[in-house]
Structures are given as structure tokens and as C-alpha cells.
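Every letter in the sequence shown is one number past the one before it in the numbering used here, and letter 540, counting from 1, is 886.
The beta carbon of each residue, even a glycine, is placed where N, CA and C say it ideally should be.
Quick caveat, the model's predicted, so the values are computed rather than measured.
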Amino acid sequence: MVGVLSVFVPVLAFSPAAVLVQATEPPAATPAQAPATKTDKATDETPVIVVTARKSSVTNKIDRRVYDVSARPDAAFSSATDVLARIPSVTVDPRGRIALRGNSQVKVLVDGVEARPGVLNNLQASDIDHIEVMTNPSAQFSSDGSGGIINLVLKKKRKDGLSGIWSVRGDGDGRYSANANVSYKTGRWTTNASVGVNRERTMTRTDGRQQWETASGPETTTGTGLSTTSPRSSYESASVAYDLTPKDRLQLSGNHYRSRALSKDAGTVLITGLSGVLDDHTESTVNPDSGEGGEITAHYTHTGAIKDEHFDLDVTYGSSQSKESSAHRLSHTVPSQAEQAYIYLNSGSDSSVTIKGDYERPFGNSRLTAGFQAEQNDSDARSRSENIAAIVPGEADIDTAFPYSRQTLAGYVTWQTPLGRWVVMPGLRIEADAWDAGTVKRNDLRFLPSLNMNRDLSDTTKLVASYSHRTQRPDVFQLNPRRIYWSRLYAYEGNPNLVSQDTDSYEIGYEFADKGFSSNGSLYYRVNKNPQTDTRRITADQVVIQSVVNADQSRAAGLELTAKGNLIKKLDYSLNFNLFDSEVAGMVGGETLRRQNVTYSGNAVIDYKPRPKDWIQLTLSGEGRGVALQGYKTGYYRLDMTYRHKLTPKWTASVRAFDLLNSSKQTDIFVTPEGDSRTVSRKERPAIMIGIARSFGNTGQ
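In C-alpha cells, the structure reads:
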């Protein structure tokens, strides 16, 4: 490893960018002078130098990397997902799936609490202070999220007085958003409120081809489909904080979201065999759905008498409800002309209560962190179908309920201390977990160790290493055994026999930071026992049934490199590239399978500020081929651009261009003993969105 570092560190540290930054670094400023007075002419003639400190955009801690996004020029026009897509190590694919180093088993938190989908989709970048990325989390964090943890920390500190901002943006495809945020601070009180509405419009095209071996010979199924979806959502949040004493703060916050969507699908299917056309039909679907939910959090923080000593206590209650109906109509021309219809109705509700406490205290050069978490989750999913028996021979209509309940009690401790030339932070988390999923009951007691360590190689370079053991539990959707037909020839059913996935993760690397240039590199190895993987099987009626099973083992071993700096004074860059070998092995349907592939993920961001009022950003992101037990998913890449112009000190205009290269499409390939299937889909076409924003009051935050 030392040999590897001896190559990477000099290359990055002495790259042309780093040399240029150091060469153009301004001399240290002299201390600011006292204000001139009328009786001191010499002082009056002396120029006053004002020193403005620029907050570092990235900070390396022993167990995480912290990215400051509090002053992003495009904050008024971006969502939390937009910001995540520009963070090193993070990618967001065309379907909205968030991945860390190409691994989608990542857990996203907001202020340390798991984010509900409705909250994350509507959270604005202007509300976020910084983002913590943990590729190998310490014992401080819940064991879910075997691929890592991303924690979005919201803004807490506000300047005195009233401040706020509102913005609107839209495009020619009918997409728009409007958001407003206002805060007010006076004395010991701080209040903040946000509201927003959002409308998306997606058009997904699919082209599928399947080839199967049957008793009467080979058959080929080809199909095309077009799905249009128009989701609308609204979001409201508010918080009020009161400083009980200079060392104690109490805060109450809440949020509420609503969503409505209407999807319309139209597709054609043609099945041919040795005797000619066996089936020729079209299928149309109308799918309205709705949902709403919210959270209430009470937060107390106490700052101790010792510097950096603090205690935080959070109590959070959240709930949500959803309803969905799907009306299908089939028109056959072969084997005979006929009209058929069937309906699916789905509804669900869930609630959660989380109590979480964290304590941190330094002891000389050492530091203790300890805490607990108690969590109760309850949900109920209901499904009902009508007339499915007329469509699929042998099937019966369903009317089922699937209750789910999970209780978790956890405690953790970490101890950061010098050990020779190293700084080490061992940790242990103990989790007791019990859950009931329908008729299946499970109880687990798990001991989850972690170790983070670093060592200074020089004033600018550190050697870092880490280990963690984590658990990925199946979610309620994966466990629900009911079968739902998304179309006549495609259905999904869960697997109540799933067990938790165990992950051991190892990393070693370096961190370099000096005068406007930083870089880091990691060699990592992650092995999963009982990994959860999607599978497909084919029924005698040529229906594709998708489900999820536990494979035997999967692993990923790779090298990740990141560099941030500025080529010239007006141009900053961030480059991230992750190259890794991925493998999965297991048994499906009595067949032993093993798939392996070398692939990649990463992003590149360029920020250019030609003039004080103008800012341009280009973002290139992508992923390579991803392997599954029964096939693979092709990679993608996309190029986005954002331009912001400051019209006045209060007014700002922006232009955002999505997928400039028209390249964000993906193909799913499944291989089964009965045959192969291939589906090509793209969710979003190139588009341009124009926005305008206005700030008011004391906008410094």
C-alpha cells in the first residue's frame, strides 16, 4: 500500500493544477487597521485591508468526509437530489436511484434520521448546510445501509432579523417548481419556514425482447411501451428554536408533504413460435396514485463546560399513507379478437417513533462518543385485484393485508485516541432487533464493531484505514408475498423468507490537502453474506415473475480517486473516479450461478465564474455495467449544465440544461434457464429549465 501511495500522492500533490494554485496564492494579509479618525491624519491616509475567510468546501474527519454546500450559487434552484449528484462518490442514475461508489444499498439521513422519500424529493438545497459522506461508517450510525451513509445536515444558525428567498422555475415540458423560505431571529428565538410545490413530467420508453424454450419449441416475445407520468407534490416545513441558556437549546420542527400522480401506459406485445404468431395484443393502463406524510421532531442540545462537549436528544414521530389503483385493458387480435380488463388496488400506511441520544466529550487528546437509539416501525399494506383470473389462467383474485412491525434498541460507543503515530477510533454498536412480517417472526442480537484510524505522513498528507461490520435488513416491500401483475406478462412478488445481509468492509487510502488543492484515494474491499438480489422466473404461461432472494455471497474490490482544486482563479474542479471489480454468486431455481464484471462510477464537476455576477457549472456523471445474479444492467452517462446570473443584489436568474448528450438510457438483461429478456428504457429526455429567484431581508445565513 505504501508503494501505491508513493505513486498517487506525488502525482496529485504536484499536478499542474496544484502548482498553479500555489504559484498564484496571494501573500498573507496584514491585520486589519483600526478605523480612521479626524484627529489622526496618518491613519486616515492608511489603506484598510479587510480579511474575509473562505470556508473550506471539504473537511476530512476520521470517519467521514464533510462537504460544505451552504453557499452554493445554485442553491435557490436545486433540490437535495440535485446537490447529491454533484458530490464526489455519489451518483444518481436516470431512474433517481442514489448510489455510493456504485452501490445502491446506501442510507440517506436528514439530521441523523432516515429520510422519508417525500421529504428528500422536496427538500431544497438552500436549507442544507453541509453533507456528510461515510463510505465506511463508524459504530455511531445504524447498521442499515451496507453501501454507506449520506447525512444531510440542515442549517441551524441564522443571523438576526428577517431573511428569506423565493424562487420559481419551469420548462416547456410542463415541469415547474416554486419554493419559498423565510427565517426570523430575535433574542433567544429563531424561527424558520419553507413551502414548495413541484411538478415533474417523465416519459419512459421501453423496448423488450425475450426468447424462451418451450415444449413446442422456441418462442420469441417482443414488446414496446410508452409510459407518461405527471407527479405533483407540495411540501411545508417549519421550526422554532429557543435558547434556554447560552448552553442549552430546545427546537421543535415539523414537515408535511403531499403527492399526486397520474401514469398512463400503452404497449404492444407480439409472441411468435414455430407455427407463426401465437399472441398479438395491446395493453393500456391508467394508474392514479396519491400519498401524504410528515414528521415532527423535538430536539434538545446541551453544550458542556469543556470545549467540544455536547449532548443531543431527538424524539421523532413520522407517518405516511398511500393509495394506488391500476386499471388495465387488453385488446387481442391473436389468437382471437377480444377485449379484457382487470384492476389492482393497493393502499398502505406506516408510522415510526425514534428516540435518539448522542454524547460527545474530549478527554485530553482523546474523545469519547456514546449514545443510544430506540425505534418502533409499523406498517400495513393492502392489495386487492379484480378479474385477474380472466387474464391469467389459474390465477385467483386477491384481497390481502400484510402487517409489518419492527422494534430496534441500540447502543454504541467509540473512543478516539492517539496510539503512537496513529490516531485510532475503535467502536462497538449493539443492536437488538425484532420484527414481524405477516406470519414470519425474527429476533436478532448483533454486535457491530468498527475501526477508523489515520496517521500523518507529512503536514499535508495522511494515511487512513477503516473497517466496519454492518447489516442490511429486508424492507416491507421485499417481504410482502402477494403477487401483483404490472402487465399481462410481468408480475412482482416479495419473499417473506429473506434474511438480513451481513457486510464486512475494509478500506486503506490517503488524504492530501494544501493551499486550495485536495485529493484522496482509497483501496477498498467489501464482502456481503446473504446479499439481497433480484431474480426472475418464467411460468408455463410465459409470465415473467420478478422477486428477490438471498444469494450466497457478493463482493466488490476497487480503487477510488478524488481531486478538488482550481486550475485558475475563476475555475474550480472536482473529479471522482471509482474503478471496481464486482462479483455475485448463488443458487436460483436449482441452478448455481456466478457473475463477475469490472466496472466504474464517478462524476466530474467544473465551476467557472467569468465575472462576479455570472456562474457556470458543468456536471458529467455516470456508471458502468452492474452485475446481478441472473444478468446485468448497462451503464449510463449524462452531462448537465447550470448557468446563474445575478441581475441585482436581490434578483437572480438561472438556466439549467439536462442530459445535453441525450445519453441517459439503460438496458436490463436477465438470463434464466427458460431464456433471456432485454428491456431498454429511458426516463428523461433533454430539457432546459429557466428560473428566477429573489432574496429579501438579511440574507446572510
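Same chain, Cβ closer than 7 Å to residue i, neighbours up to 5 away in sequence not counted
| i | result |
| --- | --- |
| Ile652 | Arg707, Pro708 |
| Ser1027 | Thr550, Arg551, Thr552, Lys1011, Gln1012 |
| Lys384 | Any reading at Lys384 needs caution, since the residue's pLDDT is 38, under 50, leaving its predicted position unreliable; the model's value is listed next. None. |
Same chain, Cβ closer than 6 Å to residue i, neighbours up to 5 away in sequence not counted
| i | result |
| --- | --- |
| Val543 | Ala524, Ser580 |
| Val822 | Ser725, Tyr750 |
| Arg816 | Ser489, Ser492, Thr849 |
| Ala727 | Gly694, Phe748, Asn826 |
| Arg788 | Trp781 |
| Arg1002 | Thr988, Met1035 |
| Val661 | Ala644, Ile701 |
| Asp986 | Thr965, Phe1004 |
Alpha carbon of residue i to alpha carbon of residue j, nearest angstrom
| i | j | result |
| --- | --- | --- |
| Asp782 | His476 | 37 Å |
| Gln556 | Thr879 | 21 Å |
| Ile496 | Ser425 | 15 Å |
| Phe858 | Asn406 | 10 Å |
| Pro842 | Gln753 | 18 Å |
| Gly516 | Tyr919 | 28 Å |
| Gly491 | Met480 | 10 Å |
| Leu809 | Gln818 | 29 Å |
| Arg462 | Glu839 | 23 Å |
| Asn601 | Ser698 | 15 Å |
| Asn1044 | Gly507 | 7 Å |
| Lys883 | Pro483 | Checking the sequence shown, residue 883 turns out to be Arg, not Lys. Spanning the two alpha carbons is a distance of roughly 36 Å. |
| Leu869 | Leu921 | 17 Å |
| Arg775 | Ser1009 | 43 Å |
| Ser677 | Ser671 | 20 Å |
| Asp409 | Asp457 | 17 Å |
| Tyr647 | Gly554 | For the record, residue 647 in the displayed sequence is Thr; it is not Tyr. Distance between the alpha carbons of Thr647 and Gly554 is about 55 Å. |
| Val396 | Thr806 | No answer about Val396 holds up, because its pLDDT of 41 lies below 50 and its placement is not dependable. |
| Arg829 | Ala837 | 7 Å |
| Gln976 | Leu803 | 45 Å |
Residue i classed as buried or exposed, judged by whether at least 16 other C-beta atoms fall within 10 angstroms
| i | result |
| --- | --- |
| Gly1037 | buried |
| Trp997 | exposed |
| Ile433 | buried |
| Glu937 | exposed |
| Ala302 | Because residue 302 is not part of the residues shown, which for the chain are 347 to 1047, the question remains open. |
| Asp779 | buried |
| Met1035 | buried |
| Asp473 | buried |
| Thr398 | In this prediction, Thr398 has a pLDDT of 43, which is less than 50 and means its spatial position is unreliable; nothing more can be read from the coordinates. |
| Val845 | exposed |
| Ala1039 | buried |
| Asp611 | buried |
| Gly442 | exposed |
| Gly639 | buried |
| Glu685 | exposed |
| Lys959 | exposed |
| Ala471 | buried |
| Glu777 | buried |
| Arg767 | exposed |
| Asn527 | buried |
| Trp535 | exposed |
| Arg990 | buried |
| Asn800 | buried |
| Asn449 | buried |
Close Cβ partners of residue i (< 8 Å) along its chain, the five nearest in sequence each way excluded
| i | result |
| --- | --- |
| Gln445 | It should be pointed out that residue 445 corresponds to Ala in this sequence rather than to Gln. So the qualifying residues of the chain are Val436, Thr437, Val438, Asp439, Val452, Gly493, Ser947, Glu969. |
| Gly650 | Lys593, His656, Phe657, Arg707 |
Host alpha helix (DSSP H) of residue i (start-end)
| i | result |
| --- | --- |
| Leu825 | 822-825 |
| Ala1108 | Here the chain covers residues 347 to 1047 and nothing more, so residue 1108 does not appear. |
| Asp626 | No alpha helix (DSSP H) contains Asp626, which is instead part of the beta strand (DSSP E) from 622-649. |
| Leu446 | Careful: Leu446 lies outside any alpha helix (DSSP H), inside the beta strand (DSSP E) at 444-446. |
| Asp428 | 426-430 |
Delimiting residues of the beta strand (DSSP E) encompassing residue i
| i | result |
| --- | --- |
| Asp880 | 878-884 |
| Leu869 | 863-875 |
| Val769 | 768-783 |
| Thr662 | 656-680 |
| Asp805 | No beta strand (DSSP E) holds Asp805; DSSP gives it neither H nor E. |
| Ala485 | Run containing Ala485: none; DSSP gives neither H nor E here. |
| Ala756 | 745-765 |
| Ala859 | 847-860 |
If we require 3 or more residues per run, which beta strand (DSSP E) segments fall completely within the region 934-978? Contiguous beta strand (DSSP E) elements confined to the region 934-978 occur at 937-954, 960-969, 972-974, taking only those with 3 or more residues.
To test your reading of the DSSP string, which unbroken beta strand (DSSP E) runs of 3 or more residues are found completely within the region 445-478? The qualifying runs are 453-456.
Those runs of the beta strand (DSSP E) which lie wholly inside the region 889-927 and span at least 3 residues: Runs of the beta strand (DSSP E) inside the region 889-927: 890-896, 899-914.
Taking the runs of the beta strand (DSSP E) that are 3 residues or longer, which of them lie wholly in the region 567-622? Within the region 567-622, the complete beta strand (DSSP E) runs of at least 3 residues are 578-591, 594-619.
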